[in-house]
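There are 2 protein chains.
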Amino acid sequence: MPNQKMYEYGSSPSKIREIFEYGKKRKMEIGSDAVFDFSLGNPSVPSPKIVNDTLISLLQESDPTILHGYTSGVGDLGVRESIVNYLNNKYQTNHVAKYVYMTVGAAASLTISLHALLNEGEEVIVLAPFFPEYRVFVEKAKGVLKIVKPNVLTFEPDLDDLVNNLNSSTKAVIINSPNNPTGVVYSEETIKKIAEILKAKSLEYNHPIYLISDEPYRELVYGDIEVPFVTKYYDNTIICYSFSKSLSLPGERIGYILVSEKCEKKDQVYLAVSGAGRALGYVCAPALFQYMVPKCLGYTSDLSVYKTNRDILYTCLKEYGYDVIKPDGAFYLFVKALGSDANEMVERAKKYELLLVSSDSFGYPGYIRISYCVSTKQIKASLLAFKKLIEDYKNEE
Amino acid sequence: MPNQKMYEYGSSPSKIREIFEYGKKRKMEIGSDAVFDFSLGNPSVPSPKIVNDTLISLLQESDPTILHGYTSGVGDLGVRESIVNYLNNKYQTNHVAKYVYMTVGAAASLTISLHALLNEGEEVIVLAPFFPEYRVFVEKAKGVLKIVKPNVLTFEPDLDDLVNNLNSSTKAVIINSPNNPTGVVYSEETIKKIAEILKAKSLEYNHPIYLISDEPYRELVYGDIEVPFVTKYYDNTIICYSFSKSLSLPGERIGYILVSEKCEKKDQVYLAVSGAGRALGYVCAPALFQYMVPKCLGYTSDLSVYKTNRDILYTCLKEYGYDVIKPDGAFYLFVKALGSDANEMVERAKKYELLLVSSDSFGYPGYIRISYCVSTKQIKASLLAFKKLIEDYKNEE
């Protein structure tokens, strides 16, 4: 009786959520310290102190009818100005506040952008492995999902396969670097090549192919890695940002869409973004969290914990014999599945109380994802389990 | 190039927003005290003290990684339990937490419910005059909007016209009582009759017709008026609630959907709600504001200000000769347009710095809406302008 497709989306939750729910149950049975839950990308490091300090002082010092009142549908102008000032200063760009649209987090940024751009049947290219909800978001916007293979050595996109997948129906390409689920950061060279390809194909098909850059992990990189800022390389870029990961605020739902000031027909695109936000029921992004943004730009949660976790896990898993993709950012490790089936490995790992996610969900089979945004104590405690798991497979050979 | 329909929604903002923007400009020119801005339903009374107290103590006392972390997609279970306990106690109902879905406010509640229920081309009945965004929300969910006329004496729905508009394609009826824009509260008798009609027609067409009850103004009633709680009268009810108006939090976006425990196929409906929320990009409702809810249930902003405003305006406008619909709730007065054209009246009112909204936007011409959620000082200061406006029309006769 209700809409069948919505019913299916509701009744088959993501595999990630499924294993997370298993974990919750298991923790009740044997205690939370005994379960090594690497399923969910829920930041374990608290927000930087300035977040709660700013929220409290806003609550104590602002006129409540203004603080909690409607902002403009596109977001408070002062907040949007602070965002472009920050970006322009950091990346030497010239973005303007009038092309920033405040959103209820990255998922909203993506759905609004897709509904703004797509006409029924137009194609959206995603680069495997990719965040599984992209499929749901593209389908709901009546788009057609096309999947580009990765280069299996670097887990950057296979650019020949990108070229093969582009055609006159391609409306947009979604990139996500630092990447979920691999932790890979696309190099400047890769971004430049993607830009070249899309420019040439836009010319060939005589319409812009938009690059949607999903960037919740932009600040989560380790060592001296730089994340290329995409609008510098490709004009028809729409940035979808969220403060969920950088400020450890995933439950608060605050982010933004930035239409590049160099985007073709940027006013039309921005108005379509604003119209899609309206039609999907996003009246405005939460006001208190909007007003928090200007004071917290440039801050991140303490990333040293994630770096320590990554270093321990990467080093130890390699030593035990796992085949691990080199991770420069986000808080995920991507590991080649033991045996021939990642799903079987996920099941077997449960014997050792290790909760992993199969890469099948990410549109690319044969790997598992480890979300290492947990305490370092948990990481250390889990090492023996990882060792036993690979020995279990070795004993079979 | 972007989606044409989304572009149109973005480039033709609502008439209400348009006059609000005019007001902002005008206030800059002549000072905000000199402009009588009755355009927007933005609460002027601050939140009850317990709201900010609760938010601050949550921020000071909770583990930040839990406080700001993801909740379950449908909302925190404890929060949902507190909501049904409150409702069941207040209305002697038997609702259950597992059919509550936390949302980012009333607009999200409505869009999610519509996307959950509708298949392309199915009809949704709205009762004129109605909140203009209903049209946008229904269209975006691929539904067809059907408009039922009001009884012009009471501004309750014309039930014969409701019967005329029902057919085998009707999927849902949206009601909104206390009503925006009229301030009318539907009587128990009206709700009973609507329920009878929908029951009979559901039987006749052999499928449930859902009643979507949009209730952001549920607590905003004056005197000893009771708002009938709709699930007691009709089983296939979906309540769309928001704390925006009762707690003066319109910018914070917090509300819920309640699928009645008596609804046919309630599990399927609820899963479709959950799936639609997922597909539209609503990951979870803002966590901090979810956790605020249990402590603030049953509280409202100080409604005495709205009552005073209503009493002054209603009495004085009647005395001046205006034809005013009797308002029992919300914070709107609905007034018969002077002259033959409400839009012309809205323009002429600007001469007296009165900012009103034409009822054309609400699917029913010939009236104007006054949002009296402003300070009582403003109400008093505006009276002379209302007097001059009607004299202006009288001098013409």
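Sequences listed follow chains A and B, in order.
Just so you know, the first sequence maps onto residues 1373 to 1769 in this note's numbering.
Just so you know, the second sequence maps onto residues 1373 to 1769 in this note's numbering.
Even for Gly, the Cβ is constructed at its ideal location relative to N, Cα and C.
For the putative contact between residue i and residue j, defined by C-beta atoms under 8 Å, what is the C-beta separation to the nearest angstrom?
i, j, result
"VAL1476(A)", "ALA1657(A)", "5 Å"
"LEU1685(A)", "TYR1765(A)", "Not confirmed; about 18 Å, so no contact."
"ASN1523(B)", "GLY1413(B)", "Not a contact, Cβ separation roughly 24 Å."
"SER1541(B)", "GLU1494(B)", "6 Å"
"SER1481(A)", "TYR1628(A)", "7 Å"
"ARG1682(A)", "PRO1666(A)", "With 8 Å as the limit, ARG1682(A) and PRO1666(A) do not qualify as a contact, their Cβ atoms being about 31 Å apart."
"GLY1447(B)", "MET1474(B)", "3 Å"
"LEU1619(A)", "CYS1668(A)", "6 Å"
"ILE1546(A)", "VAL1496(A)", "6 Å"
"LEU1534(A)", "ALA1513(A)", "Not really, about 21 Å apart at Cβ, beyond 8 Å."
"ASN1608(B)", "ILE1581(B)", "7 Å"
"TYR1642(B)", "TYR1471(B)", "5 Å"
"LEU1592(A)", "TYR1678(A)", "7 Å"
"PRO1415(A)", "THR1437(B)", "7 Å"
"LEU1449(A)", "ALA1469(A)", "6 Å"
"VAL1729(A)", "LYS1387(A)", "7 Å"
"ALA1644(A)", "GLY1623(B)", "Not a contact, Cβ separation roughly 24 Å."
"ALA1544(B)", "ILE1584(B)", "5 Å"
From the DSSP output, read off the bridge partner residues of residue i.
i, result
"LYS1708(B)", "TYR1739(B)"
"PRO1522(B)", "PRO1529(B)"
"MET1474(B)", "TYR1628(B)"
"ASP1586(B)", "CYS1612(B)"
"ALA1544(A)", "VAL1496(A), TYR1582(A)"
"LEU1727(A)", "ASP1409(A)"
"LEU1517(B)", "VAL1496(B)"
"VAL1593(B)", "GLY1701(B)"
"VAL1696(B)", "VAL1707(B)"
Determine the chain B residues that contact residue i at a beta-carbon separation under 8 Å, and present them in chain order.
i, result
"GLU1624(A)", "HIS1440, PRO1658, ALA1659, LEU1660"
"MET1664(A)", "Within 8 Å Cβ-Cβ: nothing; MET1664(A) doesn't reach chain B, min ~11 Å."
"ASN1578(A)", "Under the 8 Å cutoff, chain B gives no residues; its nearest Cβ is about 11 Å from ASN1578(A)."
"LEU1479(A)", "According to the sequence provided, residue 1479(A) is Ala. The question's Leu does not apply to it. The answer, in chain order, is GLY1653, TYR1654, VAL1655."
"ALA1648(A)", "ASN1375, MET1378, TYR1381, GLY1382"
List, in chain order, every chain B residue whose beta-carbon is nearer than 7 Å to that of residue i.
i, result
"TYR1613(A)", "Here the premise fails: no neighbours, minimum Cβ distance about 14 Å."
"ASN1466(A)", "The premise fails here: ASN1466(A) is roughly 22 Å from chain B at the closest Cβ pair, so nothing lies under 7 Å."
"GLN1750(A)", "Per Cβ cutoff of 7 Å: no residues; GLN1750(A) is ~13 Å from chain B at best."
"PRO1418(A)", "PRO1436, THR1437"
Out of the options, which one is the CA nearest neighbour of residue i?
i, options, result
"PHE1738(A)", "ASP1409(A), ASP1713(A), GLY1395(A)", "Correcting the residue type first, residue 1738(A) is Gly in the shown sequence and not Phe. Considering only alpha carbons, the answer is ASP1713(A)."
"MET1664(B)", "THR1426(B), GLY1403(B), MET1378(B), TYR1379(B)", "THR1426(B)"
"SER1754(A)", "ASP1409(A), GLU1380(A), PRO1385(A)", "ASP1409(A)"
"PRO1340(B)", "ALA1513(B), SER1485(B), ASP1530(B), THR1483(B)", "This structure cannot speak to residue 1340(B), because chain B is shown only from 1373 to 1769."
"VAL1407(B)", "TYR1736(B), TYR1724(B), ARG1741(B), GLU1763(B)", "TYR1724(B)"
"LYS1708(B)", "ALA1544(B), LEU1652(B), LYS1690(B), ALA1651(B)", "LYS1690(B)"
"SER1731(A)", "PRO1588(A), ILE1742(A), ALA1488(A)", "ILE1742(A)"
"LEU1756(B)", "TYR1692(B), VAL1729(B), LEU1728(B), VAL1746(B)", "TYR1692(B)"
"GLU1587(A)", "HIS1579(A), VAL1602(A), TYR1577(A), GLY1595(A)", "VAL1602(A)"
"GLU1380(B)", "ALA1648(A), ASP1695(A), LEU1710(A), GLU1380(A)", "ALA1648(A)"
"MET1378(B)", "ASP1639(A), LYS1752(A), LYS1399(A)", "ASP1639(A)"
"ASN1375(B)", "LEU1431(A), HIS1487(A), SER1434(A)", "HIS1487(A)"
"LYS1722(A)", "LYS1397(A), GLY1382(A), SER1383(A)", "LYS1397(A)"
"LYS1752(A)", "GLU1561(A), THR1687(A), ILE1762(A), HIS1467(A)", "THR1687(A)"
"PRO1600(B)", "THR1465(B), ARG1625(B), HIS1579(B), LEU1621(B)", "THR1465(B)"
"GLU1769(B)", "THR1748(B), SER1747(B), GLY1711(B)", "GLY1711(B)"
"PRO1420(A)", "THR1680(A), SER1616(A), LEU1727(A)", "SER1616(A)"
"ASP1596(A)", "GLU1763(A), PHE1527(A), GLY1701(A), ASN1460(A)", "GLY1701(A)"
Give the interface partners of residue i over in chain A, defined as CB-CB distance under 8 Å, in chain order.
i, result
"ILE1428(B)", "ILE1428, LEU1431, GLN1432"
"PHE1509(B)", "ALA1651, GLY1653"
Using a C-beta to C-beta distance shorter than 7 Å, which residues of chain A count as neighbours of residue i?
i, result
"ASP1415(B)", "Looking at the sequence itself, residue 1415(B) is Pro, so the reference to Asp does not match. Near PRO1415(B) (Cβ distances below 7 Å), the residues of chain A are THR1437."
"MET1400(B)", "By Cβ distance, chain A contributes nothing, its closest Cβ being about 14 Å from MET1400(B), past 7 Å."
"VAL1451(B)", "By Cβ distance, chain A contributes nothing, its closest Cβ being about 12 Å from VAL1451(B), past 7 Å."
"ASN1491(B)", "ASN1375"
"THR1609(B)", "The contacting residues do not exist; THR1609(B) stays about 14 Å from chain A at best."
"LYS1687(B)", "At residue 1687(B) the sequence reads Thr, which differs from the Lys that was named. Within chain A, no residue comes near THR1687(B); the closest Cβ sits about 26 Å away, beyond 7 Å."
Just to make sure I have the definition right: I need the residues of chain B whose C-beta is within less than 9 Å of the C-beta of residue i. Which are they?
i, result
"THR1443(A)", "GLY1623"
"VAL1602(A)", "Under the 9 Å cutoff, chain B gives no residues; its nearest Cβ is about 19 Å from VAL1602(A)."
Just to make sure I have the definition right: I need the residues of chain A whose C-beta is within less than 9 Å of the C-beta of residue i. Which are they?
i, result
"SER1559(B)", "Those do not exist, as SER1559(B) stays about 30 Å from chain A at its closest Cβ, beyond 9 Å."
"SER1620(B)", "PRO1436, THR1437, HIS1440, GLY1441"
Enumerate, from N- to C-terminal direction, the unbroken alpha helix (DSSP H) stretches of 4 or more residues contained entirely within the region 1613-1691 of chain A.
-> Those alpha helix (DSSP H) runs which fall completely within the region 1613-1691 of chain A and span 4+ residues are 1638-1651, 1659-1668.
Can you check the region 1400-1472 of chain B for any alpha helix (DSSP H) of at least 4 residues that lies completely inside it and give the ranges in chain order?
-> Correct list: 1421-1433, 1436-1439, 1449-1463.
Can you list, in chain order, the residues of the region 1521-1535 of chain B whose Cβ is nearer than 9 Å to any Cβ on chain E?
-> In the structure shown, chain E does not exist; the protein chains are A and B.
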